[in-house]
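Q:
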Amino acid sequence: MKVLSILLMLLMATVSPVKQGFEVGDTATDFKLKNVDGKMISLADYKEAKGFIVIFDCNTCPYSKAYNQRIINLNEKYASKGVPVISINANDPSSSSGDSFDEMVRIAKKKGYKFPYLVDETQQVAKAFGATNTPHVFVLSKDLKVVYIGAIDDNSRKADAVTKRYVEDAVDALLEGKTPAVTKTKAIGCGIKWKNS
Amino acid sequence: MKIGFFSIAFFLVITVSGQPIPQIKLKELQTLMTAENNRIQVINFWATWCAPCVKELPLFEKLNQENKSIDITLVSMDYDLDPDPAKVERFVARKKLQNKVVILAETDPNSWIDKIDKNWSGALPATILINPATGKRKLIQKELHEGDLEKLLSEITN
Numbered sequence: 001m002k003v004l005s006i007l008l009m010l011l012m013a014t015v016s017p018v019k020q021g022f023e024v025g026d027t028a029t030d031f032k033l034k035n036v037d038g039k040m041i042s043l044a045d046y047k048e049a050k051g052f053i054v055i056f057d058c059n060t061c062p063y064s065k066a067y068n069q070r071i072i073n074l075n076e077k078y079a080s081k082g083v084p085v086i087s088i089n090a091n092d093p094s095s096s097s098g099d100s101f102d103e104m105v106r107i108a109k110k111k112g113y114k115f116p117y118l119v120d121e122t123q124q125v126a127k128a129f130g131a132t133n134t135p136h137v138f139v140l141s142k143d144l145k146v147v148y149i150g151a152i153d154d155n156s157r158k159a160d161a162v163t164k165r166y167v168e169d170a171v172d173a174l175l176e177g178k179t180p181a182v183t184k185t186k187a188i189g190c191g192i193k194w195k196n197s
Numbered sequence: 198m199k200i201g202f203f204s205i206a207f208f209l210v211i212t213v214s215g216q217p218i219p220q221i222k223l224k225e226l227q228t229l230m231t232a233e234n235n236r237i238q239v240i241n242f243w244a245t246w247c248a249p250c251v252k253e254l255p256l257f258e259k260l261n262q263e264n265k266s267i268d269i270t271l272v273s274m275d276y277d278l279d280p281d282p283a284k285v286e287r288f289v290a291r292k293k294l295q296n297k298v299v300i301l302a303e304t305d306p307n308s309w310i311d312k313i314d315k316n317w318s319g320a321l322p323a324t325i326l327i328n329p330a331t332g333k334r335k336l337i338q339k340e341l342h343e344g345d346l347e348k349l350l351s352e353i354t355n
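Protein chains in written order, with my numbering: chain V, 1 to 197; chain A, 198 to 355.
Encoded structure:
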C-alpha cells in the first residue's frame, strides 16, 4: 500500500509539474510537523475534528502581528466546536532570524497559544498547500477537503472595522454542511521567506 | 522678502519630514500599467516594513541611473496597515530614493489584487515589468537580486 502510494505520488509529480498548491475542492495531504512543545503533530491526530483552520503564519510579519489576536480568537471560538486552528511557520530562519524555532516557542508561550504552532523546516508543507504569504488560511473539512483559501477578513489594519469575516463565514458554513459563499480571497501580506531565494 | 522667508521655511519642512508622496488610486495605477507613453514600465510593490523589499530597492535605483528610457515606479503598499504617509515620506527621504514613489491608497485588497495581476498572491515584494512594444509582461513574486532586473528586461524585449 505504501509503495503504491509512493508510486502514485511520483506519477502525479511527473504528470502535473506546473501546478503547485491546493485549490478549493482539492483534498489536502496530511503532514507531520514539530510543534513548539517538541511533539510531532498530524491532522490525523484529531480524531474528533469536524474540520481545520490551517494558518501559515510567522513571528515577524507585521500582518501576522496585526492578526495575532484574531487568530487566537478564531481558535477560542471554533476549537470547542471541533474546528481547531493549526498554525504553521514556514519562514526560513536564516533569512528571518526572528522566525527561529526558539522564537516560535517564546511567542507561543508569551501569547498563550492553545493551538499547535508547527515548524515547516523543509517548507514542503507550505509548498504542497501553495501558501504564499503570512497569514494565509486554508479551511479544511474533516476529510481534508479544501473549502476556503485566503485572508482572515477584509480589514488587516483594524479588527473592529472588519465587514467581511471570510474565515468565520467559511467555518460556519462547514459546520452547517454548506458551501461557503466566498471560497477564495487575496490579501496583501509578507511573502513567505523561501530558502535560497 | 516675505516670500523668501516662507520658501525657506517650506524648504526646511519638506527636508525634515520628507517629500510629500502622491497617493494614488487603483485607476491611476492601471493607467500607468497600460504604458500609453510606449515606454517600458517597471512597477515594484513594496512597503517600509518589508525587509526583502527594502533590500532590493537599490537595484531599482541603479537601473534608474543606468537606463533613463525605462519608467520605474515604486508603489508603496504601506497604506493597508498604516494610512499615515509620514513613515513612507521619511523612509524615502532617508534612503534618498530618486525613483518615482507613489502610495496606493486603497482599502479591501481582495477587491483589487486581481485587477493588478491575476497571478499575484498579494505577497510582497512583487515586481511587474511591461514592454508595450512586444506586449510582453512579467510578474515576479520574490526578492530580486543583482542582475535579475537586467535578465527580466531582456526577456520582455526579445
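All C-beta atoms in this analysis are idealised placements derived from N, C-alpha and C, irrespective of residue type, glycine included.
Predicted model only: the values in this text are computed from it and were never measured.
Near A:Leu256, which residues of its chain fall below 6 angstroms by C-beta distance, leaving aside the five closest residues on each side in sequence?
A: Sequence index remark: in the second sequence, residue 256 of chain A carries index 59 (1-based). Cβ neighbours of A:Leu256 beyond the five flanking positions: Leu341 and Leu346.
Q: Scan the region 250-338 of chain A and note each continuous beta strand (DSSP E) run of 3 residues or more that stays entirely inside, going in chain order.
A: Complete beta strand (DSSP E) runs here, min 3: 267-273, 297-301, 323-328 and 333-337.
Q: Less than 6 angstroms between C-beta atoms, sequence neighbours within five positions excluded: which residues of the same chain meet that for A:Asn241?
A: The sequence position of residue 241 of chain A within the second sequence is 44, counting from 1. The answer, listed in chain order, is Phe257, Leu271 and Thr324.
Q: Which full runs of the alpha helix (DSSP H) of 4+ residues lie inside the region 117-161 of chain V, going along the chain?
A: 124-129, all fully within the region 117-161 of chain V.
Q: Tell me which same chain residues have a C-beta within less than 6 angstroms of the C-beta of V:Lys145, skipping the five on either side of it?
A: Against the first sequence, residue 145 of chain V aligns to sequence position 145. Within the same chain, V:Lys145 has close Cβ partners Thr27.
Q: Is there at least one Cβ from chain A nearer than 8 angstroms to V:Lys195's Cβ?
A: Position 195 of the first sequence, counting from 1, holds the residue named residue 195 of chain V. Not closer than 8 angstroms to any Cβ of chain A, the Cβ of V:Lys195 fails to qualify, so no.
Q: Between A:Gly344 and chain V, is there a C-beta pair that is closer than 8 angstroms?
A: Against the second sequence, residue 344 of chain A aligns to sequence position 147. False, the Cβ-Cβ gap to chain V never drops below 8 angstroms.
Q: Around the Cβ of A:Asn307, are there at least 16 other Cβ atoms within 10 angstroms (buried) or fewer (exposed)?
A: By one-based count along the second sequence, residue 307 of chain A stands at place 110. A:Asn307 comes out buried.
Q: Find the residues of chain A that neighbour V:Asn133, judging by a C-beta separation of less than 9 angstroms, and give them in chain order.
A: Taking the first residue of the first sequence as position 1, residue 133 of chain V is located at position 133. Ser318, Gly319, Ala320 and Leu321, listed in chain order.
Q: In chain A, which residues lie with their C-beta within 7 angstroms of the C-beta of V:Ala187?
A: The sequence position of residue 187 of chain V within the first sequence is 187, counting from 1. The answer, in chain order, is Pro306, Asn307 and Gly319.
Q: Between A:Ile269 and the rest of its own chain, which residues show a CB-CB distance below 7 angstroms, the 5 nearest in sequence each way excluded?
A: As a position in the second sequence, residue 269 of chain A is number 72, starting the count at 1. Contacts found: Val239, Phe257, Leu260, Asn261, Asn296 and Lys297.
Q: Distance check for A:Gly344 and V:Val239, CA to CA, integer angstroms please.
A: Shown here, chain V extends from 1 to 197; a query on residue 239 of chain V therefore has no answer.
Q: What are the boundary residues of the alpha helix (DSSP H) that V:Ser64 is part of?
A: Indexing the first sequence from 1 puts residue 64 of chain V at position 64. Segment Pro62 to Tyr78, the alpha helix (DSSP H) holding V:Ser64.
Q: Taking Cβ-Cβ distances below 8 angstroms as the criterion, which residues of the region 58-92 of chain V are in contact with chain A?
A: Answer set for the region 58-92 of chain V: Pro62, Tyr63 and Ala66.
Q: Just to confirm, is the Cβ distance from V:Ala187 to A:Gly332 under 8 angstroms?
A: If you number the first sequence from 1, residue 187 of chain V lands on position 187. If you number the second sequence from 1, residue 332 of chain A lands on position 135. It is not a contact, given that the beta carbons lie outside the stated cut-off.
Q: Please state whether DSSP places V:Thr36 in a helix, a strand or coil.
A: Working through the first sequence from its first residue, we reach residue 36 of chain V at position 36. Note that residue 36 of chain V is Val in the sequence shown, not Thr. It is coil, neither helix nor strand.
Q: Which residues in the same chain have their Cβ closer than 6 angstroms to the Cβ of A:Gln220, if we skip the five residues on either side of it in sequence?
A: As a position in the second sequence, residue 220 of chain A is number 23, starting the count at 1. If we look at A:Gln220 and ignore the five residues flanking it on each side, its Cβ neighbours are Ile300 and Ala302.
Q: Would you mind stating whether V:Cys190 and A:Leu321 have Cβ atoms separated by less than 8 angstroms?
A: In the first sequence, residue 190 of chain V corresponds to position 190, counting from 1. In the second sequence, residue 321 of chain A corresponds to position 124, counting from 1. Yes.
Q: So A:Gln238 is in the beta strand (DSSP E); what residue range does that whole segment cover?
A: Translated into the one-based positions of the second sequence, residue 238 of chain A becomes position 41. Segment Ile237 to Trp243, the beta strand (DSSP E) holding A:Gln238.
Q: I'd like the span of the alpha helix (DSSP H) that includes V:Ser87, first residue to last.
A: As a first step, residue 87 of chain V must be located in the first sequence, where it is residue number 87. Here V:Ser87 belongs to no alpha helix (DSSP H); instead the beta strand (DSSP E) covers Val85 to Asn89.
Q: Taking Cβ-Cβ distances shorter than 9 angstroms, what residues in chain A pair up with V:Ser156?
A: Sequence index remark: in the first sequence, residue 156 of chain V carries index 156 (1-based). Ordered by position in chain A, the residues that pass the 9 angstroms Cβ test against V:Ser156 are Asp277, Leu278 and Pro306.
Q: Taking 8 angstroms as the cut-off, decide whether the C-beta atoms of V:Tyr117 and V:Asn155 are in contact.
A: Position 117 of the first sequence, counting from 1, holds the residue named residue 117 of chain V. Position 155 of the first sequence, counting from 1, holds the residue named residue 155 of chain V. Against a cut-off of 8 angstroms, the Cβ pair of V:Asn155 and V:Tyr117 comes out as no contact.
Q: Beta-carbon separation of V:Lys184 and V:Asp92 under 8 angstroms?
A: On the first sequence, position 184 is the one that residue 184 of chain V refers to. On the first sequence, position 92 is the one that residue 92 of chain V refers to. Not a contact, by the Cβ cut-off of 8 angstroms.
Q: Using the beta-carbon of each residue, which ones in chain A are nearer than 7 angstroms to V:Ala159?
A: Translated into positions along the first sequence, residue 159 of chain V becomes position 159. Here the premise fails: no neighbours, minimum Cβ distance about 13 angstroms.
Q: Between which two residues does the beta strand (DSSP E) holding V:Phe56 run?
A: Start at 1 with the first residue of the first sequence, and residue 56 of chain V comes out as number 56. Its beta strand (DSSP E) spans residues Gly51 to Phe56.
Q: From the DSSP output, in three-state form, read off V:Lys193 for me.
A: Taking the first residue of the first sequence as 1, we reach residue 193 of chain V at position 193. Of the three classes helix, strand and coil, the one that applies to V:Lys193 here is coil, per DSSP.
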